[in-house]
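**Q** Have a look at the structure that comes next, please.
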Amino acid sequence: MAAVLATGCMVMAYLKCRALVLAKGFHLCDSNRVKMPMITSDLMIPSPFAFSIQQLGYVDVDDLNILLKVVPYFPSDGHTFGVPNGFTWNNDEYIHAVEYARRLGMHFSIVYPKVKCGSAWWLFKQEFSEGIFKLQCPLPETNFTETMAVIHTLFLSGTQPNMTNAIADLTPLGTDNYGYMLFNPHIGINIDSYGAFSNQNIDFDNWSTI
Numbered sequence: 070m071a072a073v074l075a076t077g078c079m080v081m082a083y084l085k086c087r088a089l090v091l092a093k094g095f096h097l098c099d100s101n102r103v104k105m106p107m108i109t110s111d112l113m114i115p116s117p118f119a120f121s122i123q124q125l126g127y128v129d130v131d132d133l134n135i136l137l138k139v140v141p142y143f144p145s146d147g148h149t150f151g152v153p154n155g156f157t158w159n160n161d162e163y164i165h166a167v168e169y170a171r172r173l174g175m176h177f178s179i180v181y182p183k184v185k186c187g188s189a190w191w192l193f194k195q196e197f198s199e200g201i202f203k204l205q206c207p208l209p210e211t212n213f214t215e216t217m218a219v220i221h222t223l224f225l226s227g228t229q230p231n232m233t234n235a236i237a238d239l240t241p242l243g244t245d246n247y248g249y250m251l252f253n254p255h256i257g258i259n260i261d262s263y264g265a266f267s268n269q270n271i272d273f274d275n276w277s278t279i
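Position in the sequence shown counted from 1, then plus 69, gives you the working numbering.
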C-alpha cells in the first residue's frame, strides 16, 4: 500500500508543476511535462505531503542584486506523470489504497494546483561531509525558515547518518553558500516530521506559504 500511496504523491507533484509550466507558457511545454494522467476525482494524498507539494510554486528570491524567480518543473524524460520509469500509475488502485488507509486513521488532503506562489523548502542543498548531514542555503537565508527545513526532512532518507536524497537539480543556482539551516538531524527525522505535520491542525482549505 505504501508504494501505491507514494505514486499518488508523485503524480500530485507532477500536476502541481504541470500547472506552473502551463500558466507561464514556458518553452518547457513538451508532451512529457504537460500530458494529463487519468484521474477520476480530486486526488487526495497524505496530508504532510499535500502540505509540502502545495508549497511547490514560483519563488521570488529576496536579497540578491538581481531579480530572480525560481520555478520547479519535472525533467522531460525518466518518468510518466512524475512516476519513475519502471512504476505505473493506476487510478483505481490508488483510490482503493486511500480508502483503506483512511480507515486505518491516516489523514489525507487535496492540493490546489491553481495556487502558483510557493516557498523555498525544496531549494535547500543537501550536504554530507565529515560524517555530518546539513541543509545548506544556496540563496540568502532570508528566503528560508525553520519550518521549510522541517518540510524538507519529509523527503530525506532517514535510515542512516547520510540522509542525502536529492529532490531537485540545483546546479543553476551556482555554488554560493549563505549558511546552514539544519545540522546533523537524528535518524528517523523523516518519520517524526511526518507525524508532526499529521498531528497539526493545518487549514488545508486556506493555503498560505511559510
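For every residue, glycine included, the Cβ atom is placed at its ideal position computed from N, Cα and C.
Beta strand (DSSP E) containing residue 117: first to last residue?
**A** Taken as a continuous stretch (DSSP letters only), residue 117 belongs to no beta strand (DSSP E), being part of the alpha helix (DSSP H) at 116 to 123.
**Q** Going by the beta-carbon positions, is the gap between residue 90 and residue 142 smaller than 8 Å?
**A** yes
**Q** Going by beta-carbon coordinates alone, are residue 126 and residue 183 separated by less than 8 Å?
**A** At the C-beta level, residue 126 and residue 183 stay beyond 8 Å of one another.
**Q** Start and end of the alpha helix (DSSP H) containing residue 232?
**A** Careful: residue 232 lies outside any alpha helix (DSSP H) and carries neither H nor E.
**Q** Applying the 10 Å Cβ sphere with the 16-neighbour rule, what's the burial state of residue 115?
**A** Buried: at least 16 other Cβ atoms inside 10 Å.
**Q** Going by C-alpha to C-alpha distance, which of 121, 158, 227, 209 sits closest to residue 137?
**A** 209
**Q** My guess is that residue 204 and residue 259 are in contact by the Cβ rule of under 8 Å, so how many angstroms apart are they, rounded?
**A** By a beta-carbon distance limit of 8 Å, residue 204 does not contact residue 259. Their separation comes to about 13 Å.
**Q** Going by DSSP, what residue range makes up the beta strand (DSSP E) through residue 202?
**A** 201 to 205
**Q** Count the other C-beta atoms from every protein chain shown that fall within 10 angstroms of the C-beta of residue 197, then say buried if there are 16 or more, exposed otherwise.
**A** exposed
**Q** Run the CB neighbour count on residue 220, radius 10 Å, all protein chains shown included, and call it buried at 16 or more, exposed below.
**A** Around the beta carbon of residue 220, 16 or more other beta carbons sit within 10 angstroms, so the residue counts as buried.
**Q** Given a threshold of 16 other Cβ atoms within 10 Å of its Cβ, counted over all protein chains shown, does residue 123 qualify as buried or as exposed?
**A** Classified as buried, residue 123 has 16 or more neighbouring CB atoms from the shown chains inside 10 Å of its CB.
**Q** Using a Cβ-Cβ cut-off of 8 Å, state whether residue 258 counts as contacting chain C.
**A** The displayed structure is made up of one protein chain only, and chain C is not part of it.
**Q** Examine the Cβ distances between the stretch 73 to 88 and the stretch 142 to 153 and report whether three or more of them are shorter than 8 Å.
**A** Cβ pair count under 8 Å is three or more, so yes.
**Q** Alpha carbon to alpha carbon, how far is residue 276 from residue 189?
**A** For residue 276, the pLDDT reaches just 46, beneath the cut-off of 50, and the residue's location in the model is therefore unreliable, leaving the point undetermined.
**Q** Please list the terminal residues of the continuous alpha helix (DSSP H) segment that includes residue 267.
**A** 258 to 268
**Q** Output the distance between the C-alpha atoms of residue 160 and residue 132, rounded to the nearest integer angstrom.
**A** Distance between the alpha carbons of residue 160 and residue 132: 43 Å.
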